[in-house]
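Written out below as structure tokens is the structure these notes cover.
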Amino acid sequence: AQSVTQLGSHVSVSEGALVLLRCNYSSSVPPYLFWYVQYPNQGLQLLLKYTSAATLVKGINGFEAEFKKSETSFHLTKPSAHMSDAAEYFCAVSGSARQLTFGSGTQLTVLP
Amino acid sequence: DGGITQSPKYLFRKEGQNVTLSCEQNLNHDAMYWYRQDPGQGLRLIYYSQIVNDFQKGDIAEGYSVSREKKESFPLTVTSAQKNPTAFYLCASALGQGQGSDTQYFGPGTRLTVL
């Protein structure tokens, strides 16, 4: 069984500030972890994924995430927010069955 | 361009009618998925298929049906048995190889509204 908890359904940051979106997971097997971004009325786009090669994963658009097994976390960060980062972000976990389990999402608002 | 197409983008249905959502991919992927998205609930898996002519139920399959007669196509039918079908429906595909590290690529979605 696997599950994902995203802390904070809404996060607001000022333009240029640090973005931190939290994700904790539960998995009975070594997990694969994903972050996706969704713009309004669009599909999901992969930001980055963890596949055990490295604990710090760099993705597109300046985002990165760090896998911490002891904390069962995979938080998403970006040093400096841009207006174009405003979107909904989903964390997901996959086990050996190749099925993704998604968190409930975090809506990111970037304030000018 | 390779990708996943879903049609139509917006769909309106009267209660009691069945409706079929289209999903086509030209990525040569073996695996295809259907998700339902409701506000504040993330994405929930309806059905998935790892190979042609085979598919499995996901977490919320009741009231839905699928077919996988061709590798590139995975249509979803929302039947009248689905109690609350108004939602955003997303189709995805993946290579279908290896373990759970497969990346799923998503289509643009179909927004279904029941009138």
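Protein sequences appear in the order of chains S and W. Heads up: the first sequence is residues 1 to 112, going by this note's numbering. Heads up: the second sequence is residues 1001 to 1115, going by this note's numbering. Built from N, CA and C at the ideal position, the CB exists for glycine as well. The structure displayed is predicted, hence computed values, not measured ones.
Open item on the list: Taking CB distances under 8 Å as the criterion, tell me whether Phe1106 of chain W reaches chain S.
Closed with: For Phe1106 of chain W, the nearest beta carbon of chain S is closer than 8 Å to its own beta carbon.
TODO: Keeping to the same chain, check which residues put their C-beta closer than 6 Å to that of Phe1106 of chain W; ignore five residues upstream and five downstream.
DONE: Around Phe1106 of chain W: Leu1090 and Ala1092.
Task: According to DSSP, residues forming a beta bridge with Asp1054 of chain W - done: Paired residue(s): W:Ile1051.
TODO: Measure from the alpha carbon of Ala86 of chain S to the alpha carbon of each residue in S:Ala1, S:His10 and S:Ala92, then state which is nearest.
DONE: When only C-alpha atoms are compared, the closest one is S:His10.
Open item on the list: Against chain S, does Leu1076 of chain W count as a neighbour if the rule is that its beta carbon must be under 8 Å from one of theirs?
Closed with: Chain S, which has no Cβ nearer than 8 Å to the Cβ of Leu1076 of chain W, makes this no.
Open item on the list: For a quick check, are the C-beta atoms of Pro1075 of chain W and Ser1022 of chain W less than 8 Å apart?
Closed with: Yes, they are a contact pair.
Open item on the list: Within 10 Å of its beta-carbon, does Tyr39 of chain S have 16 or more other beta-carbons around it, so buried, or fewer, so exposed?
Closed with: Sixteen is the threshold: since fewer than 16 other Cβ atoms of the shown chains lie within 10 Å of the Cβ of Tyr39 of chain S, the residue is exposed.
Task: CA nearest to the CA of Arg1044 of chain W, picked from W:Gln1050, W:Tyr1035, W:Ile1051 and W:Val1052 - done: Ranking the options by Cα distance to Arg1044 of chain W, first place goes to W:Tyr1035.
TODO: State the Cα-Cα distance for the pair Ser1065 of chain W and Leu46 of chain S, rounded to the nearest angstrom.
DONE: Going by the C-alpha atoms only, they are around 27 Å apart.
Open item on the list: Alpha carbons only, please: which of S:Tyr25, S:Phe102 and S:Gly43 is nearest the one belonging to Phe1088 of chain W?
Closed with: Looking at the Cα atoms, S:Gly43 is the closest of the given residues.
TODO: With DSSP as the reference, label Ser84 of chain S as helix, strand or coil.
DONE: DSSP places Ser84 of chain S in helix when its eight states are reduced to three.
Open item on the list: Let me check understanding here. Comparing Cα to Cα, which of S:Ser80, S:Glu15 and S:Glu64 lies closest to Phe74 of chain S?
Closed with: That would be S:Glu64, whose Cα lies nearest to the Cα of Phe74 of chain S.
Open item on the list: Would Tyr1048 of chain W and Gln6 of chain S qualify as a contact pair, given that the criterion is a beta-carbon distance under 8 Å?
Closed with: Their beta carbons are not under 8 Å apart, which means Tyr1048 of chain W does not touch Gln6 of chain S by this criterion.
Task: Residues that Ser1022 of chain W bridges to, as DSSP identifies them - done: According to DSSP, Ser1022 of chain W bridges with W:Ser1007.
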